[in-house]
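Here the sequence shown is numbered in full-length UniProt numbering, starting from 1 and rising by one per residue.
Here a beta-carbon is modelled for each residue, glycine too, at the ideal position from N, C-alpha and C.
Everything below concerns the one structure shown next.
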Amino acid sequence: MKTIRLTAAQAAIRYIANQLNEDGEPFIAGCWAIFGHGNVAGIGEALHSERERLQTWRGHNEQTMAHTAIAYAKQLGRRRAMMVTSSIGPGATNMVTAAALAHVNRLPVLLMPGDVFAGRGPDPVLQQVEDFDDGTVSANDCFRPVSRYFDRIMRPEQLLTALPRAFRTMTDPADCGPVTLAFCQDVQAEAYDWSEDFFAQKTWRIRRPQPDLVEVRQVAAILRTARNPVIIAGGGVHYGQAHANLQAFAERFDIPVVETQAGKSSLPWDHRLNFGPVGVTGASSANAVCADADVVLGVGTRFQDFTTGSWALFNNPGRKLISLNVQAYDASKHGAEPLCADAAAGLSALAQALGDARFAAADPALKADWFAAADRVTDAPDPEENALPTDMQVIGAVQRSAGPKTVVMCAAGTMPGELHKLWKAGRPMSYHMEYGYSCMGYEIAGAIGIKMAEPDQDVVCMIGDGSYMMANSELATAVMMGVKITVVLTDNRGFGCINRLQMSTGGAEFNNLLDHAQHVNPSRIDFAAHAASMGAETRKVATIAELEAALVEAREAPGPFVVVIDTDPYPSTEAGGSWWDVAVPEVSAREPVRKARERYLENLKRQRVN
Numbered sequence: 001m002k003t004i005r006l007t008a009a010q011a012a013i014r015y016i017a018n019q020l021n022e023d024g025e026p027f028i029a030g031c032w033a034i035f036g037h038g039n040v041a042g043i044g045e046a047l048h049s050e051r052e053r054l055q056t057w058r059g060h061n062e063q064t065m066a067h068t069a070i071a072y073a074k075q076l077g078r079r080r081a082m083m084v085t086s087s088i089g090p091g092a093t094n095m096v097t098a099a100a101l102a103h104v105n106r107l108p109v110l111l112m113p114g115d116v117f118a119g120r121g122p123d124p125v126l127q128q129v130e131d132f133d134d135g136t137v138s139a140n141d142c143f144r145p146v147s148r149y150f151d152r153i154m155r156p157e158q159l160l161t162a163l164p165r166a167f168r169t170m171t172d173p174a175d176c177g178p179v180t181l182a183f184c185q186d187v188q189a190e191a192y193d194w195s196e197d198f199f200a201q202k203t204w205r206i207r208r209p210q211p212d213l214v215e216v217r218q219v220a221a222i223l224r225t226a227r228n229p230v231i232i233a234g235g236g237v238h239y240g241q242a243h244a245n246l247q248a249f250a251e252r253f254d255i256p257v258v259e260t261q262a263g264k265s266s267l268p269w270d271h272r273l274n275f276g277p278v279g280v281t282g283a284s285s286a287n288a289v290c291a292d293a294d295v296v297l298g299v300g301t302r303f304q305d306f307t308t309g310s311w312a313l314f315n316n317p318g319r320k321l322i323s324l325n326v327q328a329y330d331a332s333k334h335g336a337e338p339l340c341a342d343a344a345a346g347l348s349a350l351a352q353a354l355g356d357a358r359f360a361a362a363d364p365a366l367k368a369d370w371f372a373a374a375d376r377v378t379d380a381p382d383p384e385e386n387a388l389p390t391d392m393q394v395i396g397a398v399q400r401s402a403g404p405k406t407v408v409m410c411a412a413g414t415m416p417g418e419l420h421k422l423w424k425a426g427r428p429m430s431y432h433m434e435y436g437y438s439c440m441g442y443e444i445a446g447a448i449g450i451k452m453a454e455p456d457q458d459v460v461c462m463i464g465d466g467s468y469m470m471a472n473s474e475l476a477t478a479v480m481m482g483v484k485i486t487v488v489l490t491d492n493r494g495f496g497c498i499n500r501l502q503m504s505t506g507g508a509e510f511n512n513l514l515d516h517a518q519h520v521n522p523s524r525i526d527f528a529a530h531a532a533s534m535g536a537e538t539r540k541v542a543t544i545a546e547l548e549a550a551l552v553e554a555r556e557a558p559g560p561f562v563v564v565i566d567t568d569p570y571p572s573t574e575a576g577g578s579w580w581d582v583a584v585p586e587v588s589a590r591e592p593v594r595k596a597r598e599r600y601l602e603n604l605k606r607q608r609v610n
């Protein structure tokens, strides 16, 4: 057996560079890195030695670097991923939030933080978190609950099993998610005689699990009894590349389709069977269809509370739930009849089992009425109609400026709900929303990841002032790397959506809008100047007409282009939507809270968890 002597870090990076996807591309497209004492000497030296094959990029925050990596994987339907490395200590724990985001969304990312000395010679090392009762604990144990696979590398030869397990996890359709390899810093530098065979190129194919025939028969039997079935399209439609299968299935049986946040753009918005977004931020058309449905067929959805209206949306007393999902955990949620399989394979098998079954078509007027309502709130306003533009009017302006290659993206705040309701997605993967974790600060970093995944697309990042203030530093990275993105920053001077939620539950306006927070001086943040200071081209606009003109300019800009517009924090789209279970205090001195509690108890009666 031929061997080669390498450090553990050199071996890890060489192995990673030789792992391919089924298209023959490196599965790990590159590595985001901020170096510190826990990774610069070992992993840093190893990345330098492989820099021609495995590119390294430098960001400004470990969390947002990981967000970029995660967005890249999401936009490519999990067919490729990225690696992120940090030092021990705060650099590592900065990535925990991103790991949770990837875990919730079932997205692959390889996290490789430095760790304490396995040999414990300098114990305690700089930035080490000491557990007084457990000498094996380090800060990286925080990653355990938010990693699909976690390992601590305390000997070089542990990589022989840890690395294949890591790639198995990241390429498994059911178990896909973040991998954390906590790499003890002394071990990174330790040499070992490796078999050359360990570094042979390997292709990782994403399995497409076929359905169990008994499950197919059982699900088909339930569906045949339906009078008013509905399909809920989730993110699994995208990850399973099942868009054509979904469309063919819906058309063959004339079943309406509604879309979750993760599933939006599964069908073109104007397809006759796409009845729009579902749930708390859903369309009245989709929610009416769901309220009447006697059989609900979820395809690649985890039935999050925003999708189900906290399980109060499906009002048909005879309602039956079917879940087609590649993950058995999701396929059996809430008493669903499971069809555990790849989305495309499951739809094909189910279509064959249903034969010539036909179902009553949903009323097309529901769809027409909804989009008429959506158009009214997104139309350009009369200049004298409102002092400040609404977020809905901003969306309308972006929609009118969008082209066939536009990808609109967002994550948190007001915009996700309004975009889910109002955005008209014309093709698969043209709508990118991180709403599983709804993580503020994902937006700018995520936009970079999308653009890196699909360089020919026109990426538009919708972000509020609250999210921008939490994580804007990767805008400087976009400038430095020449990554062209358009950022539309809506400034409503605080956390507008939470302020509205606070008011809707009877609470007084408190600590959400900046004017309602403790302050000595009023907030005077100049977002355009701030973005310009990082090198972006910027415009501050006052009207929807000026916004549309700026978006035309943005198309010709060579790099990041930021448009800032002040918006009204109070209006939201009144049409559509459904109840969301946000517990209201049972006892309060405030009369509005007591009335909100009464409404809450009434809505709880509609909740059906099984």
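Own chain, CB closer than 6 Å to residue i, minus 5 neighbours either side, in chain order
i           : result
residue 619 : Limits of the chain in this structure are 1 at one end and 610 at the other, which puts residue 619 out of reach.
L434        : Looking at the sequence itself, residue 434 is Glu, so the reference to Leu does not match. The answer, listed in chain order, is A411, Y442.
T68         : A445, I448, G449
D581        : S310
V146        : A99, A100, H103
M415        : M462
Y468        : L489
T538        : A528, A531, A532, V562
Residue interval of the beta strand (DSSP E) (run including residue i)
i    : result
R5   : 3-7
T486 : 486-491
L111 : 109-115
I43  : Segment: none, I43 is in no beta strand (DSSP E) and carries neither H nor E.
R427 : Run containing R427: none; DSSP gives neither H nor E here.
E548 : Where E548 is concerned, there is no enclosing beta strand (DSSP E), although the alpha helix (DSSP H) it sits in stretches over 544-556.
R152 : 149-153
Residue range of the unbroken alpha helix (DSSP H) whose run includes residue i
i           : result
T68         : 62-75
G449        : 442-453
Y431        : Here Y431 belongs to no alpha helix (DSSP H); instead the beta strand (DSSP E) covers 431-433.
residue 611 : Because the chain in this structure spans residues 1 to 610, residue 611 falls outside the shown range and cannot be described.
K595        : 591-604
G466        : 465-470
Residue j beta carbon less than 8 Å from that of residue i
i    : j    : result
V407 : V398 : no
V459 : P560 : no
A357 : P211 : no
L297 : I206 : no
L350 : L366 : no
W370 : G279 : no
L47  : I88  : no
F35  : W204 : no
I70  : L107 : yes
V104 : G466 : no
G234 : T281 : no
A596 : V584 : yes
D115 : G38  : yes
R152 : A182 : yes
A33  : T85  : yes
V295 : L354 : no
E509 : N521 : no
Q607 : A288 : no
G236 : A343 : yes
K405 : D363 : no
Cutoff 8 Å; reference residue i; Cβ partners in own chain excluding five residues on either side
i    : result
M154 : A118, C184, V187
N472 : I444, H530, A531, M534
P389 : P381, T543, I544, L547, I565, D566, T567, D568
L419 : I395, V408, C410, Y431, M433, M462
I255 : P229, V230, I231, F249, L273, L297, F359
Q75  : V407, M429, H432, G449, I450, A453, E454
Nonlocal neighbours in the same chain, by C-beta distance under 7 Å from residue i, ignoring five residues either side
i    : result
W194 : T3, I4, L6, A11
T573 : V377, M392, E418, K421, L422
CB-CB length for residue i against residue j, believed under 8 Å
i    : j    : result
A81  : L110 : 6 Å
P124 : E130 : 5 Å
L321 : H334 : 6 Å
E45  : A9   : 7 Å
F198 : L160 : 7 Å
R78  : C176 : 6 Å
M65  : M83  : That belief does not hold up - the Cβ atoms of M65 and M83 are roughly 10 Å apart, past 8 Å.
T307 : T260 : 5 Å
Check whether the stretch 428-438 touches the stretch 260-272, taking contact to mean three or more Cβ pairs, one atom from each stretch, closer than 8 Å.
Taking a cut-off of 8 Å on C-beta distances, the stretch 428-438 touches the stretch 260-272, as three or more cross pairs fall below it.
Taking contact to mean at least 3 C-beta pairs separated by less than 8 Å, is the stretch 57-64 in contact with the stretch 241-257?
no
Taking contact to mean 3 or more Cβ pairs, one atom from each stretch, closer than 8 Å, check whether the stretch 590-609 and the stretch 548-558 are in contact.
no
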